[in-house]
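Asks:
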Amino acid sequence: MFRIHCFEHSHQFARRGSRRRQRAMTLTEVIVVAVLAVLVSAALMSFALYFAKLSKSTFSQLKFSRYTKKAIEEIAKRVRYAKRLEVQDSGTRLLCTDENDVTCAIYFSDDDDNPSTLVNNRLYYDPNTDDDGVDAIMIGCYISSVPSKPVFDYLDRTSAVEINFRVGDPRDDPGASFQRETGPGPQGVTVQTAVGPRNSYLD
710 MFRIHCFEHS HQFARRGSRR RQRAMTLTEV IVVAVLAVLV SAALMSFALY FAKLSKSTFS
770 QLKFSRYTKK AIEEIAKRVR YAKRLEVQDS GTRLLCTDEN DVTCAIYFSD DDDNPSTLVN
830 NRLYYDPNTD DDGVDAIMIG CYISSVPSKP VFDYLDRTSA VEINFRVGDP RDDPGASFQR
890 ETGPGPQGVT VQTAVGPRNS YLD
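Residue 745 in our numbering is what sits at position 36 of the sequence shown, and the numbering runs on without skipping anything.
(1) With a threshold of 7 angstroms on Cβ separation, who are the neighbours of Gly897 within its own chain once the five nearest residues in sequence on each side are excluded?
(2) Evaluate Ser769 with the Cβ neighbour count: other Cβ atoms within 10 Å of its Cβ, from every protein chain shown; 16 or more gives buried, anything less gives exposed.
(3) Could you give the distance in angstroms between the alpha-carbon of Ser854 and the alpha-carbon of Gln797?
(4) Measuring alpha carbon to alpha carbon, tell me which of Asp865, Thr867, Phe861, Ser755 ends up nearest Asn918.
(5) Entirely within the segment 776-861 and at least 3 residues each: give me those beta strand (DSSP E) ranges in chain order.
(6) Rank Tyr816, Asn823, Lys858, Val828 by C-alpha distance to the C-alpha of Ala845 and give the top, closest one.
(7) Here's a check: name, in chain order, each residue in its chain whose Cβ is nearer than 8 angstroms to the Cβ of Val904, leaving out the five neighbours to either side.
(8) Taking Cβ to Cβ, would you say Tyr834 is nearer than 8 angstroms to Ile848?
(9) Quick one: what's got a C-beta closer than 8 angstroms to Thr777's C-beta in the same chain, skipping five residues either side?
(10) Is the beta carbon of Gly800 less than 8 angstroms from the beta carbon of Pro859?
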């Protein structure tokens with residue numbers, strides 16, 4: 710009887726120990742799963758933030774490319790059909806006189822004299838400089854100058870009009886305010902081109 714009792718007691722103790730070991734393994738598994746879940750969540754959040762920044766930069770670059778195309782087309786249209794051209798205001802203003810002797814102006818304006826506030830750095834087109842009742846039309850924004858280059862340069866009727874400007878971030882400065890608007894890295898398009906007038910022989 711005593712031996713049987715000891716055997717049964719030992720068997721019950723073994724089963725209790727086995728249950729304890731099973732509970733300890735389950736707790737370990739829960740901890741491992743929790744740690745993995747935290748790591749996966751952190752990785753997903755980091756990827757989401759990176760993708761958001763990348764999307765912002767890509768969207769800004771596409772936007773600036775579209776603005777650049779519009780500005781070049783508008784300027785080239787006026788220059789090609791001008792019979793007389795004149796550059797004023799240290800290369801920031803271009804006068805184009807057509808065959809009907811109507812003079813239009815294309816000019817750069819920085820409303821607050823601060824190159825880093827891109828949204829108000831603009832190119833305007835004034836259809837008729839002699840008519841104060843006609844409002845100027847914005848043909849480009851986020852404009853900045855190219856270092857050591859005037860926006861417009863023109864020698865005489867035998868030469869083309871040189872056009873130099875940048876649409877987008879004026880420089881690569883990660884701490885600048887405009888980087889928060891356009892995304893990390895320098896976003897923009899630099900324009901350095903020349904357009905020849907077709908009607909200069911009429912003058």
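In this text, a Cβ means the ideal position worked out from N, Cα and C, and glycines have one as well.
Replies: The short version:
(1) Listed in chain order, the non-local C-beta contacts of Gly897 below 7 angstroms within the same chain comprise Phe773, Arg875, Val876, Gly877, Asp878, local neighbours out to five positions each way being set aside.
(2) buried
(3) A direct Cα-to-Cα measurement between Ser854 and Gln797 gives close to 15 angstroms.
(4) Past the edges of the chain, shown from 710 to 912, lies residue 918, and the structure says nothing about it.
(5) 793-797, 802-806, 812-819, 830-835, 846-849
(6) Proximity to Ala845 across Tyr816, Asn823, Lys858, Val828 peaks at Tyr816, based on C-alpha coordinates.
(7) Ile784, Ala785, Val788, Arg789, Ala869, Val870, Ile872
(8) yes
(9) Gly849, Val876, Val898, Val900
(10) yes
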